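**Q** Input: one structure, supplied below.
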Amino acid sequence: MMNDRKVINLEEGWDFMQKGIVKLRGILDTDTAEEAFTPQEYMNLYTTIYNMCTQKPPHDFSQQLYERYREAFNTYITTVVLPSLDEKNGEFMLKELVRRWDDHKVMVRWLSRFFNYLDRYYIQRHNLAQLKDVGALCFRDLVYAKLKTTAKDAILELIDKERDGEQIDRALVKNALGIFVEMGMGGMETYETDFETFLLTNTASHYARKASVWIEENSCPEYLIKAEECLGKEKERVGFYLHASSETKLLKEVERETLSEYETRLLEKEHSGAAALLRDDKTEDLARVFRLFKRVPSGLPPVAEIFKKHVEKEGAALVKRADEAASAKKESASKTKGKGEADGTPTPTPDKESSKEAKVSDKDSKALSSDTSTIFVKDVIALHDKYVAYVTTCFAEDSLFLRALKEACEVFCNKIIAGSTSAELMATFCDKLLKKGGGSEKLSDESVEETLEKVVRLLAYVRYVFPFPNPSTHCFISQLVTVV
Numbered sequence: 056m057m058n059d060r061k062v063i064n065l066e067e068g069w070d071f072m073q074k075g076i077v078k079l080r081g082i083l084d085t086d087t088a089e090e091a092f093t094p095q096e097y098m099n100l101y102t103t104i105y106n107m108c109t110q111k112p113p114h115d116f117s118q119q120l121y122e123r124y125r126e127a128f129n130t131y132i133t134t135v136v137l138p139s140l141d142e143k144n145g146e147f148m149l150k151e152l153v154r155r156w157d158d159h160k161v162m163v164r165w166l167s168r169f170f171n172y173l174d175r176y177y178i179q180r181h182n183l184a185q186l187k188d189v190g191a192l193c194f195r196d197l198v199y200a201k202l203k204t205t206a207k208d209a210i211l212e213l214i215d216k217e218r219d220g221e222q223i224d225r226a227l228v229k230n231a232l233g234i235f236v237e238m239g240m241g242g243m244e245t246y247e248t249d250f251e252t253f254l255l256t257n258t259a260s261h262y263a264r265k266a267s268v269w270i271e272e273n274s275c276p277e278y279l280i281k282a283e284e285c286l287g288k289e290k291e292r293v294g295f296y297l298h299a300s301s302e303t304k305l306l307k308e309v310e311r312e313t314l315s316e317y318e319t320r321l322l323e324k325e326h327s328g329a330a331a332l333l334r335d336d337k338t339e340d341l342a343r344v345f346r347l348f349k350r351v352p353s354g355l356p357p358v359a360e361i362f363k364k365h366v367e368k369e370g371a372a373l374v375k376r377a378d379e380a381a382s383a384k385k386e387s388a389s390k391t392k393g394k395g396e397a398d399g400t401p402t403p404t405p406d407k408e409s410s411k412e413a414k415v416s417d418k419d420s421k422a423l424s425s426d427t428s429t430i431f432v433k434d435v436i437a438l439h440d441k442y443v444a445y446v447t448t449c450f451a452e453d454s455l456f457l458r459a460l461k462e463a464c465e466v467f468c469n470k471i472i473a474g475s476t477s478a479e480l481m482a483t484f485c486d487k488l489l490k491k492g493g494g495s496e497k498l499s500d501e502s503v504e505e506t507l508e509k510v511v512r513l514l515a516y517v518r519y520v521f522p523f524p525n526p527s528t529h530c531f532i533s534q535l536v537t538v539v
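For the sequence shown, the working numbering gives the first residue as 56, with consecutive numbering after it.
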């Protein structure tokens, strides 16, 4: 019975517990397997604590045992752990720190089992820190507080080496950073304050230096390839050893230093900027431009504006070419007519001459309109198809680029070409297509239908339908616009 149990004095009981603690320290120092205590040894140590805590006052030593539990850790840390860490620097210090933290957790696990009765009753009644937390706090206050700056510097040095192409012990860095996280006792403030803040500053400085060299030495595509590779490596870095919560903040630093800071210079590079990539049909590079500048605030509008201006320029060139072709054909027809008169062809009577000239003029006008419409509309369809494909494949159908394409097409689809509106030319083209099936090309019914659908899409860019002098043309256009 409990009344017949022998009273254990504090020093007597603690001497017995010290033997278990000394054995545990020996296990840690010799890297012996954790399960070095036999079940009987474990029960004897646990029972001793139980008995010392359940004795009647003044022999209830719960408070004293709680204090000595803390002292056991402090003594081990000051006599063994800190001296071993003071002897080492850099990567070797990190290895020792990781080892000592692992040992410390083993020590906490065993001692908290021996002293478990304190957790179950005394600690709960007095609202004190649990045994596992006491052990962690001892390490935090004596080891971590002293070495956190040194450890942080050593970790950042290893990360810099890896960024410069050297191989490092990633497992070591991961384990060392795990200490920063665990010292937060369930929160991330310690990791963020003692390490992450410095990591972000260091990252910004590193990539600011890199980018300042790349921008001078590389073309826009070459620069962006390097930037994308670095973003990929930083993302991998988070997966290998940084805490997951650092990913977004880390990548933002890289994006700001490599992309935001140099966007204007990159996009406007004379021989390799966005305009040059569009000119040279560098679709893979354009897709990378979109991919990267989508990541930064307000990164896409400048790209979309360059795209818009490029399409406008291409469309203006088609308008100019159609105008020039119509002018050349008209001039050629005039010369042919003048040559006939110079050859001495009999001059018709005034009434007949007037009627004939009117018929010739009308015929020539229709021929010019038909030829101009065929050239212009086919070119515009090809241009539109090309840049619709760009919006889909390079720019992921982003609304900015859809709008840019629309606004650019509205510019050249509302020009007057050889005296005709683009809507009139489209109507003439469609009329000819429906009557002759594409003329000499002999298009299939499917091809004719597909071409008409493309013309209808182009008519969506026409701001309004002009009042055509030819009623049939006006009616045809109205029907097409209604379809749109």
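Each residue gets a CB set at the ideal place from its N, CA and C atoms; glycine is no exception. Note that the structure is a prediction, hence the values are computed from the model and not measured.
Could you tell me whether the Cβ atoms of Val228 and His298 are closer together than 7 Å?
**A** Looking up residue 228 in the sequence shown gives position 173. Looking up residue 298 in the sequence shown gives position 243. Cβ atoms of Val228 and His298: not closer than 7 Å.
**Q** Just the Cα atoms here: how many angstroms apart are Ser502 and Glu277?
**A** Locating residue 502 in the sequence shown gives position 447, where the first residue counts as 1. Locating residue 277 in the sequence shown gives position 222, where the first residue counts as 1. Cα to Cα, Ser502 sits roughly 41 Å from Glu277.
**Q** With a CB to CB cut of under 7 Å and the five nearest residues on each side skipped, what residues in its chain are close to Leu347?
**A** Working through the sequence shown from its first residue, we reach residue 347 at position 292. Counting only Cβ-Cβ distances below 7 Å, and skipping sequence neighbours, we find Leu279, Ala282, Glu283, Leu314.
**Q** Specify the secondary structure class of Ser554 as computed by DSSP and reduced to three states.
**A** The structure shown does not extend to residue 554, since the chain is modelled only from 56 through 539, so no value can be given for it.
**Q** In angstroms, rounded to a whole number, what distance separates the CA positions of Asn257 and Val135?
**A** The residue you call residue 257 lines up with position 202 of the sequence shown. The residue you call residue 135 lines up with position 80 of the sequence shown. Looking at the two C-alpha atoms, the distance is approximately 34 Å.
**Q** Taking DSSP as the reference, what is the three-state secondary structure of Ser477?
**A** Within the sequence shown, numbered from 1, the residue matching residue 477 stands at position 422. It is helical.
**Q** Express the C-alpha separation of Lys304 and Ser327 in angstroms, rounding to a whole number.
**A** Locating residue 327 in the sequence shown gives position 272, counting from the first residue. Locating residue 304 in the sequence shown gives position 249, counting from the first residue. Cα to Cα, the separation comes out at about 30 Å.
**Q** State the DSSP-derived secondary structure class of Ile472, mapped to helix, strand or coil.
**A** Here residue 472 corresponds to residue number 417 of the sequence shown, with the count starting at 1. Ile472: strand per DSSP, three-state reduction.
**Q** What does the alpha-carbon distance come out to for the pair Ser454 and Thr448?
**A** The residue labelled residue 454 in the question sits at position 399 within the sequence shown. The residue labelled residue 448 in the question sits at position 393 within the sequence shown. For Ser454 and Thr448, the distance between alpha carbons rounds to 14 Å.
**Q** Our contact map puts Ser477 next to Cys485 with C-beta atoms below 8 Å; I'd like the distance itself, whole angstroms only.
**A** Here residue 477 corresponds to residue number 422 of the sequence shown, with the count starting at 1. Here residue 485 corresponds to residue number 430 of the sequence shown, with the count starting at 1. Actually they are not in contact, since the Cβ atoms of Ser477 and Cys485 sit about 12 Å apart, beyond 8 Å.
**Q** What is the DSSP secondary structure of Asn129, counted as helix, strand or coil?
**A** Against the sequence shown, residue 129 aligns to sequence position 74. Note: Asn129 maps to helix in three-state DSSP.
**Q** Between the Cα of Gln222 and the Cα atoms of Lys375, Phe450, Arg292, Val435, which residue gives the shortest distance?
**A** The residue labelled residue 222 in the question sits at position 167 within the sequence shown. Considering only alpha carbons, the answer is Arg292.
**Q** Since Ser167 is in the alpha helix (DSSP H), which residue starts that stretch and which ends it?
**A** Here residue 167 refers to the residue found at position 112 when the sequence shown is read from its first residue. Where Ser167 is concerned, the enclosing alpha helix (DSSP H) stretches over 145-169.
**Q** Ordered along the chain, which non-local residues of its own chain (more than five positions away) have a Cβ less than 6 Å from that of Met238?
**A** Counting from 1 along the sequence shown, the entry for residue 238 is found at position 183. Closer than 6 Å at Cβ, skipping near neighbours: Arg195, Tyr199, Thr245.
**Q** What does the alpha-carbon distance come out to for the pair Ser409 and Lys337?
**A** By one-based count along the sequence shown, residue 409 stands at place 354. By one-based count along the sequence shown, residue 337 stands at place 282. The predicted position of Ser409 is uncertain, since its pLDDT is 49 and thus under 50; no value can be drawn from it.
**Q** Out of Ser301, Gly220, Phe253, Glu310, point me to the one whose CA is closest to Ala263's CA.
**A** Counting from one through the sequence shown, the residue named residue 263 turns up at place 208. Comparing Cα-Cα distances from Ala263 to each of Ser301, Gly220, Phe253, Glu310, the minimum goes to Glu310.
**Q** For the alpha helix (DSSP H) containing Tyr97, name the first residue and the last one.
**A** Counting from 1 along the sequence shown, the entry for residue 97 is found at position 42. Residues 94-109.
**Q** Assuming the contact rule is C-beta atoms closer than 8 Å, Leu513 and Val435 should be a hit. Round their C-beta distance to whole Å, please.
**A** Locating residue 513 in the sequence shown gives position 458, where the first residue counts as 1. Locating residue 435 in the sequence shown gives position 380, where the first residue counts as 1. Contact holds; Cβ gap of about 6 Å.
**Q** On a Cα-Cα basis, can you pick out the residue from Ile214, Glu452, Glu367 that is closest to Leu355?
**A** What you label residue 355 is simply residue 300 of the sequence shown in a count that begins at 1. Nearest of Ile214, Glu452, Glu367 to Leu355, Cα basis: Glu452.
**Q** Going by CA-CA distance only, name the one from Ile76, Ala342, Tyr176, Glu271 that's closest to Lys324.
**A** To locate residue 324, count along the sequence shown from 1; it is residue 269. Checking every option, the nearest Cα to that of Lys324 belongs to Glu271.
**Q** Less than 7 Å between CB atoms is the rule here; does Ser499 satisfy it with respect to chain C?
**A** The structure shown contains no chain C; it is built from a single protein chain.
**Q** Nearest CA to the CA of Ala473: which residue from Lys461, Trp165, Leu186, Thr427?
**A** Within the sequence shown, residue 473 is the residue found at index 418, counting from 1. Closest by alpha carbon: Thr427.
**Q** Report the three-state DSSP secondary structure of Glu142 (helix, strand or coil).
**A** Within the sequence shown, numbered from 1, the residue matching residue 142 stands at position 87. Glu142: coil per DSSP, three-state reduction.
**Q** Between the Cα of Glu553 and those of Gln179, Lys307, Ser274, Cys275, spot the shortest distance and give me the residue it belongs to.
**A** The first residue shown for the chain is 56 and the last is 539, placing residue 553 beyond what the model contains.
**Q** Please state whether DSSP places Met72 in a helix, a strand or coil.
**A** Along the sequence shown, read from residue 1 onward, the residue named residue 72 stands at position 17. Met72 falls in the helix class under three-state DSSP.
**Q** With the cut-off set at 7 Å, would you say Leu321 and Cys275 are in Cβ contact?
**A** One-based indexing of the sequence shown puts residue 321 at position 266. One-based indexing of the sequence shown puts residue 275 at position 220. Cβ atoms of Leu321 and Cys275: closer than 7 Å.
**Q** Are the CB atoms of Leu438 and Glu505 within a distance shorter than 7 Å?
**A** Taking the first residue of the sequence shown as 1, we reach residue 505 at position 450. Taking the first residue of the sequence shown as 1, we reach residue 438 at position 383. No, the pair does not count as a contact, with Cβ atoms beyond the cut-off.
**Q** Within a Cβ cutoff of 6 Å, which residues of the same chain sit near Phe250, ignoring the five residues on either side of it in sequence?
**A** The residue labelled residue 250 in the question sits at position 195 within the sequence shown. Answer for Phe250: Lys207, Phe235, listed in chain order.
**Q** Have a look at Asn99, Lys364, Gly190 and flag the residue whose alpha-carbon is nearest the alpha-carbon of Asn129.
**A** Looking up residue 129 in the sequence shown gives position 74. It is Gly190.
**Q** Using C-beta distances below 8 Å, list every residue in its chain close to Asp215, excluding the 5 sequence neighbours before and after it, in chain order.
**A** Numbered from 1 along the sequence shown, position 160 holds the residue referred to as residue 215. Cβ within range, chain order: Asn257, His261.
**Q** Quick check on Ala459: does DSSP put it in helix, strand or coil?
**A** As a working mapping, residue 459 is identified with position 404 in the sequence shown. If DSSP states are grouped into helix, strand and coil, Ala459 belongs with the helices.
**Q** How about Ala329 and Ala459: are their beta carbons less than 7 Å apart?
**A** Counting from 1 along the sequence shown, the entry for residue 329 is found at position 274. Counting from 1 along the sequence shown, the entry for residue 459 is found at position 404. Taking 7 Å as the Cβ cut-off, Ala329 and Ala459 do not qualify as a contacting pair.
**Q** Which residues in the same chain as Leu341 place their Cβ atom closer than 8 Å to its Cβ, once the five residues preceding and following it in sequence are excluded?
**A** The residue labelled residue 341 in the question sits at position 286 within the sequence shown. Here the set comprises Ala329, Leu332, Leu333, Tyr445, Cys449, Phe450.
**Q** So the alpha helix (DSSP H) Val135 belongs to, where does it begin and stop?
**A** In the sequence shown, counting from the first residue as 1, residue 135 sits at position 80. Note, Val135: premise wrong, no alpha helix (DSSP H); not H, not E.
**Q** Return yes when the Cβ of Glu312 is within less than 7 Å of the Cβ of Ala259, no when it is not.
**A** Numbered from its first residue, the sequence shown carries residue 259 at position 204. Numbered from its first residue, the sequence shown carries residue 312 at position 257. Yes, the Cβ-Cβ distance between Ala259 and Glu312 is below 7 Å.
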